[in-house]
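Undergrad: Heads up: the sequence shown at position 221 corresponds to 1687 in the working numbering, and the numbers run straight through without jumps.
Virtual Cβ for every residue (Gly too), placed ideally from N, Cα, C.
Attaching a single structure in structure tokens format; questions to follow.
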Amino acid sequence: MSDLATNEPDLANSAVIQSETAAPLAAGIASRSVPTVSAATCTDVQIGAGLQPTSAYGLSFWFAYVSNFLTMASLAMLVRYSDFVLHLGGTEQQLGWIVGVGAVGSMCTRLLQGRGIDRLGARPIWILSLVILVLSLLANLFVTSAYSVPIFLLRCLAASSTAGIFSAAMTFVSRKAPPERMAEMIGTLGTAGFGGMLVGPMIGDAICGSDGLTRLEINLLFVVAAGSVALAGVFAILAAWRDTAPVATVELPVLSVIREFQPGALLAMSAVAGAGLNLPLTFLRPFAQSLDIPTVWIFFTIYGLSALAGRVISRRWPERLGNYVCTILGTLLLVTAFCCLAPVRTSFHMIPAALALGGAHALLFPAVIAGISTAFPAKHRGIGTTLALMFFDAGTLIGAPLAGTLLYLAKRYELPMYPTMFVVMGSIFTAAGMAYAMIDRRYWYDFVKLVGGLKRQFSQK
């Protein structure tokens, strides 16, 4: 989810990008040698054959901001989804499979949504996805078993519609700003998601905080979450009221576009971000229960505040330092968060992990989504954004079942369940980050130069 705020996903900055004045490609991929638009002189962003002004923080942006806040608040309420699965007779391993299979639905629809956004504009995909999410949340009222087909189908629908919501919202915002400000714009939109992350778990705990959780409380949780999404739909309509579909051009097959513009190793880091940032949303509640910690709002409050502060502080870092540096720093914070979760014994012990995870979210998510999205020209930005989020979902698809299986194996072999899972997953993220740092060497010199500059600064002081 979330960030599904998750699910909020942000776009590269310091380099110039290809202009949309390039001729359409007809029989194959034509040359990418096209005019560029510099950060200093760009006054308009060309989408298809039409121009949109770069007064990015207009009223439509703030309507989108409120819509994103309400959507993320709804998704954050569902940190209690594990209670729903356990109430229906499921286990932690089954929870992992439900979440992982849900990610399959999201992945299968990502590229279709991206093509739809490029053809029809963001508005219809945005609104339709919100409607489907409302219906899928309400349909959970009728699920009676954690091992039934409907619970998997509804999770797929919820994940797919959430993917459409954030893909459309990010594309809508990114098209209203020049390329070098896209990471800033989508990062700013993401602060609404962090606000929703602050509020949502408190509402979830207020509804389901009793010791003897009943089905009535769980049903009320889904109804309130659906209501929040429905209200988000009202603000999405207001935001995109004047949004128009891009002017039709000669279209290439989706796979041809991806082969031409895909950014390589950064796609794997999007999967790392998806696994690392979604696991706490899925497993933190049962982890807290295993320690007799009744609520998780302290963790998510600190997490949200840390992510919000980190996003505000670092909003121009992708432009100044580059996405490569931000990706490495974000991965370091992600690994730190998982290491801090392993020895937790009380709710207050979660604070260091929440601080690190919030910082990781603030840096890692915008950097990887930015780097992937802006590898694509503006007319294919919907495909680029959805490809980035598809790999983000792939991380959830792999990470959630793997974490559930690690918990099962740890219990079977009488190891500490959650500490084992956190340490193993943290080790995997460490290996992935080190591999990315060595493989994507295009920016290695910039990173070394940055470290050298920091050393000189501190030595002068």
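Please report the residue range of the alpha helix (DSSP H) in which F1766 lies.
TA: Residues 1763-1779.
Undergrad: Could you give the distance in angstroms between the alpha-carbon of G1776 and the alpha-carbon of G1770?
TA: Approximately 10 Å, taken between the alpha carbons.
Undergrad: For W1707, name the three-state secondary structure that DSSP assigns.
TA: Here W1707 sits in coil by DSSP.
Undergrad: Please name the residue, chosen from Y1879, V1532, L1868, I1617, that lies closest to G1555 on a Cα-to-Cα basis.
TA: Closest by alpha carbon: I1617.
Undergrad: Within this structure, are the beta carbons of A1530 and F1688 separated by less than 9 Å?
TA: It is not a contact, given that the beta carbons lie outside the stated cut-off.
Undergrad: Just mark A1897 as buried or exposed, buried being the case when its beta carbon has 16 or more other beta carbons within 10 Å.
TA: A1897 is exposed by the Cβ-count criterion.
Undergrad: With a 10 Å radius around its C-beta and 16 neighbouring C-beta atoms as the bar for buried, classify P1760 as buried or exposed.
TA: Answer is exposed; the Cβ neighbour count stays below 16.
Undergrad: Would E1880 be called buried (16 or more neighbouring beta carbons within 10 Å of its own) or exposed?
TA: Flag for E1880 reads exposed.
Undergrad: Taking all protein chains shown into account, decide if M1883 is buried (16 or more other Cβ within 10 angstroms of its Cβ) or exposed.
TA: M1883 should be labelled buried.
Undergrad: By the three-class DSSP mapping on this structure, what secondary structure does E1880 have?
TA: Coil.
Undergrad: Going by beta-carbon coordinates alone, are M1891 and G1742 separated by less than 9 Å?
TA: Their beta carbons are under 9 Å apart, which means M1891 touches G1742 by this criterion.
Undergrad: Let me check understanding here. Comparing Cα to Cα, which of P1885, W1763, A1605, L1823 lies closest to S1756?
TA: Among P1885, W1763, A1605, L1823, the Cα nearest to that of S1756 is on P1885.
Undergrad: Nearest by alpha-carbon distance to T1610: which of R1681, G1587, S1893 is it?
TA: Closest by alpha carbon: R1681.
Undergrad: Give the secondary structure of S1627 by DSSP, where H, G and I count as helix, E and B as strand, and everything else as coil.
TA: If DSSP states are grouped into helix, strand and coil, S1627 belongs with the helices.
Undergrad: Could you have a look at I1669 and say whether DSSP puts it in helix, strand or coil?
TA: In the structure shown, I1669 sits in a helix (DSSP, three-state: H, G or I).
Undergrad: Could you tell me whether the segment 1554-1573 touches the segment 1624-1639, where touching means 3 or more Cβ pairs closer than 8 Å?
TA: Short answer: they touch.
Undergrad: First and last residue of the alpha helix (DSSP H) that includes Q1755?
TA: That run of the alpha helix (DSSP H) goes 1732-1756.
Undergrad: CA-CA distance, L1853 and I1838?
TA: Roughly 8 Å separates the two Cα atoms.
Undergrad: Less than 8 Å between C-beta atoms, sequence neighbours within five positions excluded: which residues of the same chain meet that for R1811?
TA: Cβ within range, chain order: L1757.
Undergrad: Short of 8 Å in beta carbon distance, which residues of its chain neighbour L1655, apart from the five on each side in sequence? Order them along the chain.
TA: E1474, F1527, A1530, Y1531, N1534, A1635, M1636, V1639.
Undergrad: Rounded to the nearest angstrom, what separates M1904 and S1736 at their Cα positions?
TA: M1904 and S1736: Cα-Cα distance of roughly 16 Å.
Undergrad: Considering Cα atoms alone, identify which of M1887, G1861, C1805 is closest to G1870.
TA: Closest by alpha carbon: M1887.
Undergrad: What number of angstroms, rounded off, separates the C-alpha of F1857 from the C-alpha of A1734?
TA: C-alpha separation (whole angstroms): 7 Å.
Undergrad: From this set, I1591, L1561, R1585, S1595, which residue's C-alpha is nearest A1612's C-alpha?
TA: Ranking I1591, L1561, R1585, S1595 by Cα distance to A1612 puts L1561 first.
Undergrad: I need the straight-line Cα distance from A1588 to R1781, nearest angstrom please.
TA: So the alpha carbons of these two residues sit roughly 24 Å apart.
Undergrad: What residue does the alpha helix (DSSP H) around A1826 start on, and which one ends it?
TA: Here the alpha helix (DSSP H) through A1826 covers 1817-1839.
Undergrad: Under 7 Å Cβ to Cβ from T1686, same chain only, skipping five residues before and after it: list those, please.
TA: The sequence shown places Leu at residue 1686, not Thr. I1673.
Undergrad: Ordered along the chain, which non-local residues of its own chain (more than five positions away) have a Cβ less than 7 Å from that of I1817?
TA: Only I1768 meet the Cβ criterion.
Undergrad: Check whether the segment 1819-1826 touches the segment 1787-1806, counting contact only when three or more Cβ pairs, one atom from each stretch, lie closer than 8 Å.
TA: Flag = yes, the segment 1819-1826 and the segment 1787-1806 touch.
Undergrad: Checking contacts by CB at 9 Å: is V1545 closer than that to chain C?
TA: This model lacks chain C altogether, as it is built from one protein chain only.
Undergrad: Could you tell me whether the Cβ atoms of L1664 and A1542 are closer together than 9 Å?
TA: Contact flag set, yes.
Undergrad: Who are the Cβ neighbours of P1867 in its own chain at under 6 Å, not counting the five residues just before and after it?
TA: Cβ neighbours of P1867 beyond the five flanking positions: G1562, W1563, G1566.
Undergrad: Please report the distance separating the alpha-carbon of V1545 from that of D1709.
TA: Approximately 33 Å, taken between the alpha carbons.
Undergrad: Kindly give me the distance between the Cβ atoms of F1766 and I1684, rounded to whole angstroms, as I take these residues to be in contact under 8 Å.
TA: F1766 to I1684, Cβ: 19 Å. No contact.
Undergrad: So is R1751 buried or exposed if we call it buried at 16+ other beta carbons inside 10 Å?
TA: Looking at its Cβ environment, which holds 16 or more other Cβ atoms inside 10 Å, R1751 is buried.
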